[in-house]
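Step one of this worksheet: look at the structure below.
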Amino acid sequence: MHLNQLKESKTGRIFLSYQETHRVKGKNKTTTVKRLGYLDEFTDQFDDPIAHFREEAKQLSIEKKVDITASLDEHYTFDAQYIKGEDASYRKGGLVYNLGMLPLSQIYHELEIDYFMNNRRRYTKAKFNHNTIFQMLVFGRILFPDSKLSTWHNRHKLLGTMNFSDDDVYRSLEFFSKHKTALIKHLHDRVTRNYGRDTTLMFYDVTNYYWEIDQEDDQRKRGVSKEHRPEPIVQMGLLMDSNNLPITYNLFPGNTNDALTLSPTMGDVSEELEKEGIVYIADKGMMSGDNRAEILINRGGYIFSSSVRKADKQTKAYVTDENGFIVNTDGTYKYKSRIVPVTIQLTNQVTGKKKSSIINERQIVFWSRKYQERTRHERAKAIDKAANYGSCENNHGGNRFFKKIVINKVDGEVLKDEEKAYVRVLDEDLLSKESELDGYYMICTNVIGLEDGQKSFSKQSRFLSDNMFQLNRTVTDHDIIDMYRGLWRIEESFRITKSWLKARPVFVHTEASIEAHFLTCFLGLLFLRILELKTNHSIELNRMIEDLRNLQVVEESPDIFLLIQPTNIVKKIGEYFDLDLIKKRYTIQELKKMAAQTKKTS
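If you're matching positions, the sequence shown starts at 593 in my numbering and goes up one per residue.
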């Protein structure tokens, strides 16, 4: 609201009134709110009438309330009748914006992704804006995850200019794929600077994503699916730091062995991210002899779990020997450790043949009553199922605990297979051997800490001549166990990408578009983890995602937008990001101002 002064040409008198200007269909429309009278009529009342009424107009603008009168009999009206094929027949509904993009926009600009994209798109001849398209793909992956085409159709839910075609979106994918490596390094630098990144521990795991296609190609191949699906898949190896923040990822053909994916990722860390002195934590399937040797050559550390049941006799004897165990007060768990030389198999890169090598390794044996009870419960279920529904034709599941005995022998006659009759008897010896190891598991590592009385050194860690990786602090058996247990975070991240971010099934098919798709999924995961970090892990991630998706404003009048479905969680997010996300109504200027606010970086 502002004070308008209109001078009459005939009398020369100045008429005062309050007016408002609104943006309607791209044009400014001014309306008179209140007629005050002539200026000379107020000279006796106020020393400076102009200053008085300007201040009053300002206060009225602040205090003004939106009064809406609604009728239950009111209907929508249309400017034209419906005629098939005519654009004028289609009514475009009121604008809807998703305000959940505002915290995401703040993270986007804190990471200076806009600077990265704009700096590189200058060297292209594209008429579209790669940065705007990338924002749409990343924000859309979090707020309304779907195919690229569907995301493009929903682009107007995001505040900002979205003037590009669906073809522009697909053309931009090759650009994103081309700059993936540089962007990952850029993100690592900005995350380290803005949020802090502890790279002492790095967690690694592999998952796969399926395509709803029948034919394989160079990258999409049939392999061991984590979801037991028959379709061609692509393997993804993901590396995360101890704050749950993703560091980098790599894609591999679907039939790639998990252990073969770790080495390229470690190469990215040492070359592109220029990091050394790292402890890699992974499942037992990842830490082959070749991978452990590579970590040792790079003067690093490793932690992984090892199967007790598949261990050699000497190791099993050590595990079951009660000597040396430290037991808690109620006897629910115990642990012990040793440093022992172990034999690993290394692959000759020229001939492909294996050779043995001996390294020193710290083995931590841990027994848990809870783990023992769970293992025995699951085995009992498998045996019971096999006893009632099992078959003599295989050793799957609980069938392997039963011996097969021929009961209808005929003297001097060799019976055909179909004439033989078998009875199944529970193999008590096998069951006893299996039960002996229930509740035990082992963690293998080359990580040690300062010994009693040993002085600290200047660096955070150092690599010793006996291939042990020493941290500049005490590292107990429990510390190693806790480090390994952190691996569940990366498994949770895979669940987030597959469920909340809907990273699969994947519909793009070229190598560049596949890379670009997973790059936006990687960014979506990174943004969600940063949201957790910036809100001090005080909000459940699934609730935060859901509430940000539902946080929308709808056009109530040409300049007023009504907020729907705000929550306490939204309020808390707004407080952390210094954004007013729970106001009942916003003007379009206020929405644009908040969007601009998220683009300011300190």
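All C-beta atoms, glycine included, are put in the ideal place defined by N, C-alpha and C.
Per DSSP, cross-strand counterpart(s) of residue i
i, result
"Asn723", "Paired residues: none, contrary to the question."
"Asp797", "Leu830"
"Met1034", "Ser898 and Val957"
"Ser949", "Ile936"
"Ala874", "Phe896"
"Thr840", "Leu831"
"Ser1053", "Leu1063"
"Asp1098", "Reading off the sequence, residue 1098 comes out as Val, not Asp. Paired residues: Trp803."
"Glu1147", "Phe1153"
"His594", "Gln611"
Length of the line joining the Cα atoms of residue i and residue j
i, j, result
"Glu808", "Leu1115", "27 angstroms"
"Lys740", "Ser1091", "17 angstroms"
"Thr792", "Val1017", "52 angstroms"
"Arg992", "Arg1096", "36 angstroms"
"Leu843", "Gln811", "9 angstroms"
"Tyr841", "Thr622", "55 angstroms"
"Lys945", "Arg968", "40 angstroms"
"Asn849", "Arg1065", "36 angstroms"
"Phe756", "Asp833", "36 angstroms"
"Arg714", "Leu779", "20 angstroms"
"Gln1046", "Val798", "38 angstroms"
"Tyr1168", "Thr1127", "6 angstroms"
"Phe708", "Met858", "25 angstroms"
"Tyr689", "Phe638", "45 angstroms"
"Ala978", "Tyr1033", "26 angstroms"
"Leu938", "Asp913", "31 angstroms"
"Val1100", "Phe720", "21 angstroms"
Short Cβ contact (8 angstroms threshold) for residue i with residue j
i, j, result
"Met728", "Tyr796", "no"
"Ile936", "Arg891", "no"
"Ala1108", "Ser653", "no"
"Ile895", "Ile1035", "yes"
"Ser929", "Gln906", "no"
"Pro845", "Lys813", "yes"
"Val934", "Ile951", "yes"
"Lys995", "Asp976", "no"
"Val1207", "Thr1112", "No information on residue 1207 is available, as it lies outside the stretch 593 to 1194 that the chain covers here."
"Met828", "Asn800", "yes"
"Ser1085", "Leu830", "yes"
"Arg961", "Tyr925", "yes"
"Leu1173", "Asp875", "no"
"Ile1161", "Ile1131", "yes"
"Ile734", "Leu696", "yes"
"Phe1153", "Ile1122", "no"
"Leu628", "Leu608", "yes"
"Ser564", "Gly869", "The requested residue 564 is not part of the displayed model; the chain covers only 593 to 1194."
For residue i, the nearest candidate out of the options (CA to CA)
i, options, result
"Phe958", "Asn920, Ile951 and Leu938", "Asn920"
"Ile1165", "Gln698, Val625, Ser609 and His644", "Gln698"
"Ser897", "Ser880, Thr743 and Lys905", "Ser880"
"Ile1156", "Gln673, Thr753, Gln1144 and Lys1051", "Gln1144"
"Leu541", "Asp1019, Lys1175 and Lys908", "The requested residue 541 does not occur in the structure, where the chain is confined to residues 593 to 1194."
"Met1075", "Met794, Glu678, Thr724 and Lys650", "Met794"
"Glu863", "Ile776, Gly916 and Thr912", "Ile776"
"Gly788", "Phe726, Leu703 and Thr773", "Leu703"
"Arg782", "Met1136, Ser1130, Leu1118 and Ile1137", "Leu1118"
"Glu647", "Tyr610, Ile675 and Glu678", "Tyr610"
"His722", "Lys772, Arg1081 and Asn710", "Asn710"
"Ser1048", "Asn1038, Val1067 and Ile1122", "Val1067"
"Ser1050", "Leu1063, Asn1038, Asp1058 and Asn1059", "Leu1063"
"Ala1025", "Leu865, Arg901 and Ala851", "The question names Ala, but residue 1025 in the sequence shown is Lys. Minimum Cα distance to Lys1025 is reached at Arg901."
Cutoff 8 angstroms: residue i Cβ touching any chain B Cβ
i, result
"Pro822", "The structure shown has no chain B; it contains just one protein chain."
Simplified DSSP assignment, three categories, for residue i
i, result
"Val1067", "coil"
"Leu1154", "strand"
"Lys629", "In the sequence on display, residue 629 carries Gly and not Lys. Strand at Gly629."
"Ser929", "strand"
"Arg1077", "helix"
"Asn690", "strand"
"Thr622", "strand"
"Ile1082", "helix"
"His614", "strand"
"Leu888", "helix"
"Lys1184", "helix"
"Lys908", "helix"
"Leu608", "strand"
"Ile1072", "helix"
"Arg714", "coil"
"Tyr1178", "strand"
"Leu1023", "helix"
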